[in-house]
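In the numbering used here, the protein residues as written are 127 to 535.
These notes are about the structure you will find just below.
Written out as structure tokens, the structure reads:
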């Protein structure tokens with residue numbers, strides 16, 4: 127793999143370091159940190175197992191103007207990023223209703239401009255984002271030397287939630303997605319259930335449920351006695367993700383020396399703020415930068431993911447929060463979901479059922495455990511995830527899968 131020479135291109139939406147403040151200040155609501163981190167891990171892995179410069183065509187995933195973002199456009203720029211990659215930030219108009227067409231046109235122009243026709247290339251696309259997929263397939267019609275690999279973290283019909291109009295538009299989006307993916311060569315999926323839903327052959331896809339970071343941000347092993355006890359949830363404050371159940375379960379505890387800390391934003395924010403007013407042990411820290419979220423995770427007594435496996439979408443998902451929590455090296459409370467492989471089972475505590483009482487009892491069980499036992503469980507989870515699911519390991523799996531086809535080399 128060290129002698130591999132490939133022309134690799136990446137069409138996605140990362141947040142560059144010098145963009146974060148701008149995007150944070152202009153965003154009205156959540157920033158897509160999970161998508162940003164997942165893409166960067168893939169790019170980092172590909173960079174470190176190839177000897178070619180990666181060309182990253184970048185259109186950040188930001189909310190639409192005027193309801194979710196304060197700017198009417200996303201500016202263009204060009205800069206080096208990491209070791210061998212060039213990030214090309216592509217301009218697009220960010221106005222609701224026009225944005226989707228602008229992202230398609232801008233992506234297509236960038237593909238023609240930056241990907242040479244004369245060399246065999248692999249184009250990775252991040253997410254089931256119709257403008258990206260349509261742009262890539264349009265480009266492929268003219269350039270037969272390109273092979274497309276679509277990374278699908280979520281199926282389109284289960285991405286987000288909204289009113290009747292939003293759900294209607296998502297149905298159209300999903301129908302178009304399932305129609306056009308027939309022209310795509312390879313897929314990186316999070317679960318086997320996704321492959322069945324997409325009706326793919328085993329030769330068309332590989333399962334990469336998540337990627338752990340072995341980089342600088344996680345280099346310190348957090349293995350010390352904890353002075354402040356707090357359970358932490360950091361992520362989208364969506365009611366369907368179980369934030370209300372977590373608050374109710376924690377409120378049942380009679381332990382005065384433990385707190386619940388919550389970070390993020392979403393449709394459950396009002397419920398969170400009401401709980402903060404009623405219970406001094408519940409703290410809301412707001413929408414924090416990803417680096418601060420990681421810091422809080424690594425210092426928590428235990429980490430909680432209250433998402434239950436009761437809705438259909440959980441069959442087709444592997445929450446990125448699981449990987450992030452395991453890297454932190456702290457005990458984890460989460461529900462068993464169909465999309466989570468059995469190999470993860472030894473590394474988390476799971477409530478007996480979906481009741482609030484069961485979740486509360488699980489939290490009590492954590493509090494009754496010896497601190498050394500909890501530290502060992504967290505350390506084992508961290509070791510497992512960094513050894514088996516790091517950027518290099520997972521990226522090698524992806525490239526080996528693609529290179530099984532002789533005419534790609």
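Virtual Cβ for every residue (Gly too), placed ideally from N, Cα, C.
Check each candidate in the options and name the one with the smallest Cα separation from residue i.
i: residue 237; options: 257, 166 and 219; result: 257
i: residue 509; options: 449, 490, 239 and 486; result: 449
i: residue 235; options: 281, 202 and 412; result: 202
i: residue 377; options: 511, 396 and 357; result: 357
i: residue 423; options: 213, 215, 359 and 371; result: 359
i: residue 488; options: 437, 512 and 430; result: 430
i: residue 364; options: 355, 396 and 334; result: 396
i: residue 432; options: 370, 404 and 498; result: 370
i: residue 158; options: 511, 355, 311 and 392; result: 392
i: residue 400; options: 205, 320, 270 and 373; result: 373
i: residue 195; options: 412, 144, 469 and 152; result: 152
i: residue 240; options: 289, 302, 133 and 199; result: 133
i: residue 232; options: 200, 466 and 490; result: 200
i: residue 165; options: 242, 490, 253 and 147; result: 253
i: residue 525; options: 366, 227, 498 and 249; result: 249
i: residue 139; options: 264, 183 and 381; result: 183
i: residue 329; options: 323, 339 and 313; result: 313
Where does residue i sit, in a helix, a strand or coil, going by DSSP?
i: residue 460; result: strand
i: residue 491; result: helix
i: residue 381; result: coil
i: residue 338; result: strand
i: residue 466; result: coil
i: residue 159; result: helix
i: residue 349; result: Caution applies to residue 349, whose pLDDT of 44 falls short of 50 and renders its modelled position unreliable; the value that the coordinates give is listed next. Note: residue 349 maps to coil in three-state DSSP.
i: residue 496; result: coil
i: residue 205; result: strand
i: residue 412; result: strand
i: residue 587; result: In the structure displayed, the chain extends from 127 to 535; residue 587 sits before or after that span and is not available.
i: residue 273; result: strand
i: residue 355; result: strand
i: residue 427; result: coil
i: residue 343; result: Note that residue 343 scores a pLDDT of 45, beneath 50, so its modelled location is shaky; the value from the coordinates is reported in the next line. Note: residue 343 maps to helix in three-state DSSP.
i: residue 332; result: strand
i: residue 453; result: helix
i: residue 395; result: helix
i: residue 313; result: strand
i: residue 222; result: coil
i: residue 195; result: strand
i: residue 190; result: coil
i: residue 443; result: coil
i: residue 481; result: coil
i: residue 253; result: coil
i: residue 406; result: coil
i: residue 258; result: helix
i: residue 525; result: helix
Report the CB separation of residue i from residue j in whole angstroms; it is logged as a contact under 8 Å.
i: residue 137; j: residue 291; result: Not a contact, Cβ separation roughly 28 Å.
i: residue 361; j: residue 447; result: 6 Å
i: residue 163; j: residue 416; result: 7 Å
i: residue 173; j: residue 337; result: About 13 Å; that fails the 8 Å criterion.
i: residue 316; j: residue 444; result: 4 Å
i: residue 528; j: residue 275; result: 6 Å
i: residue 428; j: residue 464; result: That pair is no contact at about 24 Å.
i: residue 259; j: residue 334; result: No, residue 259 and residue 334 are not in contact; Cβ-Cβ is about 19 Å, not under 8 Å.
i: residue 205; j: residue 216; result: No, residue 205 and residue 216 are not in contact; Cβ-Cβ is about 13 Å, not under 8 Å.
i: residue 543; j: residue 178; result: Residue 543 is absent from the structure shown; the chain starts at 127 and stops at 535.
i: residue 419; j: residue 175; result: Contact doesn't hold; Cβ gap of about 28 Å is too wide.
i: residue 439; j: residue 284; result: 4 Å
i: residue 482; j: residue 375; result: 5 Å
i: residue 381; j: residue 493; result: 6 Å
With DSSP as the reference, please indicate the residues paired to residue i in a beta bridge.
i: residue 217; result: According to DSSP, residue 217 bridges with nothing at all.
i: residue 133; result: 247
i: residue 514; result: For residue 514, which the question treats as bridged, DSSP gives no partner whatsoever.
i: residue 265; result: The partner list for residue 265 (beta bridge, DSSP) is empty, contrary to what the question assumes.
i: residue 360; result: 389
i: residue 475; result: 459
i: residue 238; result: Answer is none; residue 238 lacks a bridge partner.
i: residue 139; result: According to DSSP, residue 139 bridges with nothing at all.
i: residue 200; result: 218
i: residue 278; result: 315
Any heavy atom of the ligand ZN closer than 7 Å to the CB of residue i?
i: residue 315; result: No copy of the ligand ZN appears in this structure; indeed no ligand is present at all.
Task: Touching by the beta-carbon criterion (3+ pairs, under 8 Å), the stretch 365 to 385 and the stretch 404 to 411 - done: yes
TODO: Decide if the stretch 439 to 455 is in contact with the stretch 502 to 517; the criterion is three or more beta carbon pairs, one per stretch, under 8 Å apart.
DONE: yes
TODO: Give a yes or no on contact between the stretch 263 to 280 and the stretch 211 to 227, applying the rule of three or more CB pairs nearer than 8 Å.
DONE: no
TODO: May I ask you to verify whether the stretch 473 to 488 touches the stretch 182 to 194, counting CB pairs closer than 8 Å and requiring at least 3?
DONE: no
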